[in-house]
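All remarks here apply to the structure that follows.
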Amino acid sequence: MTTRILTGITTTGTPHLGNYAGAIRPAIVASRAADADSFYFLADYHALIKCDEPARIQRSRLEIAAAWLALGLDTDKATFYRQSDIPEIPELCWLLTCVAGKGLLNRAHAYKASVDKNVEQGEDPDAGITMGLFSYPVLMAADILMFNAHKVPVGRDQIQHVEMARDIAQRFNHLFGNGKELFTLPEAVIEEDVATLPGLDGRKMSKSYDNTIPLFGSAKQLKDAVARIVTDSKLPGEAKDPDNSHLFTLYQAFAAPTQQADFRAALEGGMAWGEAKQALVNLLEAELGEARERYQALISKPADLEDILLAGAAKARKTATPFLGELREAVGLRSFRSEAVSGASEKKKAGKSARFVSFRDDDGSFRFRLLDAAGEQLLLSKSFADGKAAGMANKRLQSGDALDVREQDGGFGVWLDDECVAQSPAFADSSVSQAAIQRLREALAPQE
Ligand code: TRP
Numbered sequence: 008m009t010t011r012i013l014t015g016i017t018t019t020g021t022p023h024l025g026n027y028a029g030a031i032r033p034a035i036v037a038s039r040a041a042d043a044d045s046f047y048f049l050a051d052y053h054a055l056i057k058c059d060e061p062a063r064i065q066r067s068r069l070e071i072a073a074a075w076l077a078l079g080l081d082t083d084k085a086t087f088y089r090q091s092d093i094p095e096i097p098e099l100c101w102l103l104t105c106v107a108g109k110g111l112l113n114r115a116h117a118y119k120a121s122v123d124k125n126v127e128q129g130e131d132p133d134a135g136i137t138m139g140l141f142s143y144p145v146l147m148a149a150d151i152l153m154f155n156a157h158k159v160p161v162g163r164d165q166i167q168h169v170e171m172a173r174d175i176a177q178r179f180n181h182l183f184g185n186g187k188e189l190f191t192l193p194e195a196v197i198e199e200d201v202a203t204l205p206g207l208d209g210r211k212m213s214k215s216y217d218n219t220i221p222l223f224g225s226a227k228q229l230k231d232a233v234a235r236i237v238t239d240s241k242l243p244g245e246a247k248d249p250d251n252s253h254l255f256t257l258y259q260a261f262a263a264p265t266q267q268a269d270f271r272a273a274l275e276g277g278m279a280w281g282e283a284k285q286a287l288v289n290l291l292e293a294e295l296g297e298a299r300e301r302y303q304a305l306i307s308k309p310a311d312l313e314d315i316l317l318a319g320a321a322k323a324r325k326t327a328t329p330f331l332g333e334l335r336e337a338v339g340l341r342s343f344r345s346e347a348v349s350g351a352s353e354k355k356k357a358g359k360s361a362r363f364v365s366f367r368d369d370d371g372s373f374r375f376r377l378l379d380a381a382g383e384q385l386l387l388s389k390s391f392a393d394g395k396a397a398g399m400a401n402k403r404l405q406s407g408d409a410l411d412v413r414e415q416d417g418g419f420g421v422w423l424d425d426e427c428v429a430q431s432p433a434f435a436d437s438s439v440s441q442a443a444i445q446r447l448r449e450a451l452a453p454q455e
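As numbered in the working numbering, residues 8 to 455 make up the sequence shown, in order.
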């Protein structure tokens with residue numbers, strides 16, 4: 008069993024050391040596990056909710072993409088893409104919007120905080136609040152549910168959103184799943200042992216406090232930022248208290264245990280703050296120097312980054328396109344082409360409820376699946392160049408004519424006019440395969 012891990016990064020800023028230690032580094036480590044199937048993406052639609060400066064959005068997308076790649080994300084293993092390159096996401100967002108309770112969204116912290124602030128200031132409660140902000144959790148639910156993620160690593164402020172995604176998924180499953188779990192219920196993952204880095208002033212490192220250390224600034228920018236770290240006024244030679252020094256906390260986040268112990272001893276032994284800062288600069292240089300070079304190389308070739316991200320989007324859509332097809336089918340947005348046929352299968356449904364699901368593959372071709380009553384796939388059709396041919400084949404399978412079923416590839420194929428038009432998955436053994444053929448025959452048997 009693989010675990011599908013998914014997380015998004017809102018593209019409104021320049022990546023800083025806090026993003027690296029708190030999110031990027033652990034995500035890249037997690038993506039390397041043998042059983043991990045990771046989906047990491049730039050949440051650039053979410054960025055539009057918070058930012059109306061196009062140049063800043065664009066710059067941030069570029070920088071964040073380059074940062075993840077420079078830090079070693081393997082895009083052959085992980086799926087790395089921009090949210091805005093997946094049109095299925097806003098489409099799913101609408102399907103979810105239609106089941107998400109307004110009351111649920113009223114309770115979202117981010118929205119509530121804005122309302123509270125307005126009220127405090129004697130403004131209209133909804134002053135300056137967009138529908139984007141209000142619906143933010145539904146878009147996030149679409150991000151997560153589109154790929155049936157199991158685990159969603161997020162900061163604490165995002166736990167509520169993942170819980171809302173679960174709520175919305177449950178409701179959708181209940182309404183349209185016909186007993187089947189259309190959506191996997193996601194779980195938020197908070198990495199307890201991941202450092203929340205303090206910023207230059209000791210508060211949490213955050214763009215909104217303007218206390219960050221840029222991840223890939225020049226060597227000089229790094230040095231200048233570290234020089235601004237606030238320390239107490241103990242003189243060189245005086246013992247320092249590492250546990251009350253956020254400079255030490257920063258150092259700890261990047262140092263091996265023995266380095267940490269040495270640094271602690273040196274501070275307690277009276278090391279000057281200036282020297283301590285230089286030690287931190289050296290440590291960060293060792294950690295990030297090479298990645299910075301890769302970052303500069305990547306960012307100087309934006310067209311190459313574009314190609315990498317488009318390839319990531321194509322990979323993501325291999326999952327998203329057929330799945331959205333199933334979801335459209337589930338809510339009743341179905342092709343009219345199979346109408347006569349599905350009228351018949353509607354009747355059949357009462358008894359056996361096997362169903363055909365038509366969808367378009369990402370190469371634009373037309374395909375269909377036959378799912379049995381339990382939602383297990385019995386057949387997946389070949390790719391048809393046009394919808395009419397797919398519809399015809401689909402119709403002929405349901406015509407009640409004798410089926411030409413041939414065992415092949417560990418399962419079976421269904422043939423029309425000497426052509427294999429649909430295939431079953433491979434089964435564990437021939438008895439399982441025989442049972443599936445039996446279910447297929449029942450599902451397609453003429454109605455009495
Ligand atoms: N809202 C998240 C944040 O600001 C970013 C995000 C968007 C996200 N979609 C997501 C995170 C889906 C996890 C899963 O941090």
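We put the beta carbon where it would ideally sit given N, CA and C, even for glycine.
Contact between the region 164 to 177 and the region 132 to 150 is present: three or more C-beta pairs spanning the two stretches fall below 8 Å. Look at Pro243 here: in three-state DSSP terms it is coil, with no helix or strand label.
When C-beta atoms of the region 198 to 212 are compared with those of the region 250 to 261, three or more pairs fall below 8 Å, so the two segments count as touching. Ala320 has its alpha-carbon roughly 6 Å from the corresponding atom of Asp92. Leaving aside the five residues that flank Asn180 on each side, the residues in its chain whose CB is nearer than 7 Å to its CB run, in chain order, Glu188, Leu189, Phe190. Taking all protein chains in view, the Cβ of Arg413 is surrounded by fewer than 16 other Cβ atoms within 10 Å, so the residue is classified as exposed. In this structure, Met147 has its beta carbon less than 6 Å from a heavy atom of ligand 1. Cys427 has Trp422 as its beta-bridge partners, per DSSP. Scanning the region 78 to 139 for uninterrupted beta strand (DSSP E) segments of 3 residues or longer gives 86 to 89, listed from N- to C-terminal end. Under the three-pair Cβ rule at 8 Å, the region 104 to 119 does not count as touching the region 63 to 78. In the three-state reduction of the DSSP assignment, Lys389 falls in the coil class, being assigned neither a helical nor a strand state. When DSSP states are grouped into helix, strand and coil, His157 belongs to the coil group. Residue state for Ser365 is assigned as strand, using DSSP reduced to three classes.
Counting only runs of 3+ residues, the beta strand (DSSP E) found wholly inside the region 42 to 82 occupies 43 to 50, in chain order. Judged by DSSP in its simplified three-state form, Ile166 adopts helix. With a beta-carbon spacing of about 18 Å, Leu140 and Ile16 fall beyond the 8 Å limit used to define contacts.
Relative to ligand 1, Gly319 has its C-beta separated by 6 Å or more from all heavy atoms. Judged by pairs of C-beta atoms under 8 Å, the region 269 to 284 touches the region 231 to 249, as three or more such pairs exist. For Cys100, the number of other beta carbons within 10 angstroms of its own is at least 16, and it is reported as buried. Contact between Leu24 and Met212 holds, since their C-beta atoms are separated by about 6 Å, short of 8 Å. According to the DSSP assignment, Val201 belongs to no beta strand (DSSP E), since it is labelled neither H nor E.
With contacts defined by Cβ atoms closer than 7 Å, Arg367 and Phe373 form a contacting pair. No heavy atom of ligand 1 is found nearer than 6 Å to the CB of His23.
In summary, Gly281 is exposed, with fewer than 16 beta-carbon neighbours lying within 10 Å of its beta-carbon over all protein chains present. For Ile12, the three-state secondary structure derived from DSSP is strand. Taken atom to atom, the span from the alpha-carbon of Arg63 to that of His53 is near 14 Å. Assignment of beta-bridge partners to Leu378 by DSSP yields Arg362, Gln384.
Between Ala195 and Val161, the C-beta spacing is below 7 Å. Close CB contacts of Trp422 within its chain, under the 8 Å cut and outside five residues either way in sequence, are with Asp411, Val412, Arg413, Val428 (chain order). Contact between Leu305 and Leu312 is confirmed by a C-beta separation of about 6 Å, below the 8 Å threshold. For Glu60 against Thr21, the beta-carbon gap comes to about 13 Å, at or over 8 Å, which does not count as contact. Comparing alpha-carbon positions, the option among Ala85, Ala400, Thr238 lying closest to Asp42 turns out to be Ala85. Per DSSP, the unbroken beta strand (DSSP E) holding Val412 starts and ends at 411 to 415. In this structure, His181 has its beta carbon at no less than 6 Å from each heavy atom of ligand 1. Beyond the five residues adjoining it in sequence on each side, Asp81 comes within less than 8 Å, by CB distance, of Ser38, Arg39 in the same chain, given in chain order. DSSP places Val36 outside any beta strand (DSSP E); the residue lies instead in the alpha helix (DSSP H), whose first and last residues are 32 to 38.
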